[in-house]
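Here the protein sequences line up with chains A and B, keeping their order.
Position 103 of the first sequence, counting from 1, maps to 103 under full-length UniProt numbering, and the rest follow consecutively.
Position 73 of the second sequence, counting from 1, maps to 73 under full-length UniProt numbering, and the rest follow consecutively.
Where a beta carbon is used, it is the ideal one built from N, C-alpha and C, also for glycine.
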Amino acid sequence: MTPQDITKLIVRTSMRDREAFDLLYRNTSAKLFGVCLRVLGDRAEAEEALQEVFVKIWTKADRFAVSDLSPISWLVAVARNHAVDRVRGRKHKTTDIDAALDVADPSPTPEAMVVAGGQREQVYVCLDELEADRAAAVRGAYLDGDSYLDLAARHNVPLNTMRTWLRRSLMKLRECLER
Amino acid sequence: MSGAGEMEREPEGDDVLAAEYVLGLQTAEERAAAQRRVEESRDFARLVDGWEMRFWPLAAEFVEVTPPAGIKAQIDRRLFSSSAPATVKQGSGFWSSLAVWRTLALGSLAALVAFVALPFIDPPAPQSREQMVASLAAEGSNVQYIVMYDSQTGEVGLSHLSGEPATGRDFQLWVIKGTNAPKSVGIVPGGQTARIALPDAMTKAMEIGDVFAISVEPAGGSPTGQPTGPVVAAGGLTEI
Chain A
1 MTPQDITKLI VRTSMRDREA FDLLYRNTSA KLFGVCLRVL GDRAEAEEAL QEVFVKIWTK
61 ADRFAVSDLS PISWLVAVAR NHAVDRVRGR KHKTTDIDAA LDVADPSPTP EAMVVAGGQR
121 EQVYVCLDEL EADRAAAVRG AYLDGDSYLD LAARHNVPLN TMRTWLRRSL MKLRECLER
Chain B
1 MSGAGEMERE PEGDDVLAAE YVLGLQTAEE RAAAQRRVEE SRDFARLVDG WEMRFWPLAA
61 EFVEVTPPAG IKAQIDRRLF SSSAPATVKQ GSGFWSSLAV WRTLALGSLA ALVAFVALPF
121 IDPPAPQSRE QMVASLAAEG SNVQYIVMYD SQTGEVGLSH LSGEPATGRD FQLWVIKGTN
181 APKSVGIVPG GQTARIALPD AMTKAMEIGD VFAISVEPAG GSPTGQPTGP VVAAGGLTEI
């Protein structure tokens with residue numbers, strides 16, 4: 001599926017086309033389930049979240065038209081935001097990620113292999129310019145849904161310190177990506 | 001974690017908030033506030049999209065995992081509990097949800113069509129003449145129009161049922177044939193009824209299942225030639 005194909009499916013979904021919605025699910029649900037699993041770290045909860053994500057996609061597909069994102073980025077953003085909302089809404093994060101991924105297909109995605117193959121994305125170059133633990137914190141937030149609170153506990157620093165460090169890191173990152 | 005520059009002022013402002021929202025660093029309350037701003041402020045939404053794009057390469061690390069087989073049926077049950085799960089209908093083409101639209105729209109449509117269609121239909125109809133109707137609506141939107149198509153005139157008649165564009169915005173009518181990109185028919189004029197000429201290539205070419213859609217656009221219409229705002233009503237052509 002090209003990005004154009006996915007765009008068409010999202011636009012048709014916004015017009016209540018169920019066949020397009022079925023195709024969209026068939027072509028993107030594995031990626032979005034991967035997002036839910038990684039952020040939520042719990043398989044049953046990820047399955048529940050995936051359902052809610054596609055309900056959102058059906059009801060909010062028209063929002064894609066006003067977004068600047070590529071179609072798959074928009075879908076992943078919907079899934080990530082929903083999964084993070086779920087994590088923030090509960091008291092303690094399930095950290096049984098290994099168990100959740102036990103049944104998962106561990107082979108890297110085509111995109112990941114391109115990255116592994118040496119064609120390095122600029123964001124990784126810029127993350128390398130940050131101190132290692134701060135870069136790890138940024139990655140942990142994006143990929144694992146870690147909050148300031150989680151990160152402060154993990155790195156054993158006060159919450160405000162973590163916030164200040166990450167805010168500065170984010171501005172450095174932006175500056176690096178813009179040069 | 002320590003290093004030079006710890007005495008600098010802490011960065012703040014909307015772009016920092018947008019980045020924190022995208023990374024998911026905030027509490028539930030802070031996220032809810034940020035989400036409201038995304039809905040309400042186009043500028044803030046753009047900052048959020050900017051950070052989504054910056055971090056996008058990291059998303060390659062999300063490993064694809066095929067979800068269990070029953071999940072899609074559960075989604076369909078949540079969304080379409082009153083109807084059968086979507087199965088692929090043989091030869092029904094892309095716009096098979098027409099059946100759904102029909103069942104949704106026909107109840108109210110039947111009563112209206114006879115009345116609304118009258119001004120658009122002239123009595124002596126040659127055999128090659130085709131007249132069709134589409135009921136335009138969408139979930140979560142109060143915008144409703146009925147579109148009448150007459151192959152002889154190549155015009156569509158529009159009948160306004162409900163919903164108005166916000167100040168400084170226009171409704172724009174689009175036609176979508178099959179898998180093609182939407183083609184603009186024009187800005188929807190105000191008032192109860194209106195006639196708009198179809199684009200030249202379409203005047204004789206409309207078929208059952210072709211879709212009309214209305215999007216919200218800046219005053220004067222989409223600057224790009226494609227819909228840029230949310231679709232607030234859509235529907236497929238059916239026979240009268």
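Asked	Found
For residue 185 of chain B and residue 51 of chain B, the rounded distance between their alpha carbons	35 Å
Nearest-angstrom beta carbon gap, residue 66 of chain B and residue 44 of chain A [assumed within contact, 8 Å]	Not confirmed; about 16 Å, so no contact.
Backbone CA spacing between residue 194 of chain B and residue 225 of chain B [nearest angstrom]	22 Å
Residue 217 of chain B, DSSP secondary structure in three states	strand
Element boundaries [beta strand (DSSP E), containing residue 196 of chain B]	193-197
Proximal chain B residues relative to residue 1 of chain A, where beta-carbon distance stays under 9 Å	What residue 1 of chain A touches in chain B: nothing, since even the nearest Cβ is about 13 Å away.
C-beta contact flag for residue 217 of chain B and residue 229 of chain B at 8 Å	yes
Any C-beta of chain B under 8 Å from that of residue 159 of chain A	no
Chain-ordered neighbours of residue 62 of chain B on chain A, where CB pairs are closer than 8 Å	31, 34, 35, 38, 76, 109, 143
Cβ pair residue 26 of chain B, residue 34 of chain B closer than 8 Å	yes
C-beta contact flag for residue 86 of chain A and residue 49 of chain A at 8 Å	yes
Residue burial classification, residue 125 of chain A (beta-carbon count within 10 angstroms, cutoff 16)	exposed
Endpoints, beta strand (DSSP E) assigned at residue 226 of chain B	Taken as a continuous stretch (DSSP letters only), residue 226 of chain B belongs to no beta strand (DSSP E), as it is neither H nor E.
Where residue 101 of chain B sits in the DSSP three-state scheme	Residue placement at residue 101 of chain B is poorly supported in this model, since its pLDDT is 39, which falls under 50; the coordinates are not used for a value here.
Neighbour flag for residue 163 of chain B against chain A, beta carbons, 8 Å	no
For residue 75 of chain A, the first and last residue of its enclosing alpha helix (DSSP H)	71-89
Chain B contact for residue 65 of chain A (CB, 8 Å cutoff)	yes
Segment contact flag, the stretch 130-139 of chain A with the stretch 68-86 of chain A, C-beta cutoff 8 Å, min 3 pairs	no
Where the beta strand (DSSP E) containing residue 51 of chain B begins and where it ends	Counting along the chain, residue 51 of chain B falls outside any beta strand (DSSP E), though it belongs to the alpha helix (DSSP H) covering 42-55.
Own chain, CB closer than 7 Å to residue 197 of chain B, minus 5 neighbours either side, in chain order	154, 155
N-terminal and C-terminal residue of the beta strand (DSSP E) that residue 146 of chain B is part of	144-150
Beta-ladder partner(s) of residue 164 of chain B, from DSSP	Answer by DSSP bridge pairing: none, since residue 164 of chain B is not bridged.
Residues of the UniProt region "Disordered" (219-240) of chain B whose Cβ lies closer than 7 Å to any Cβ of chain A, in chain order	227, 228, 229, 230, 231, 234
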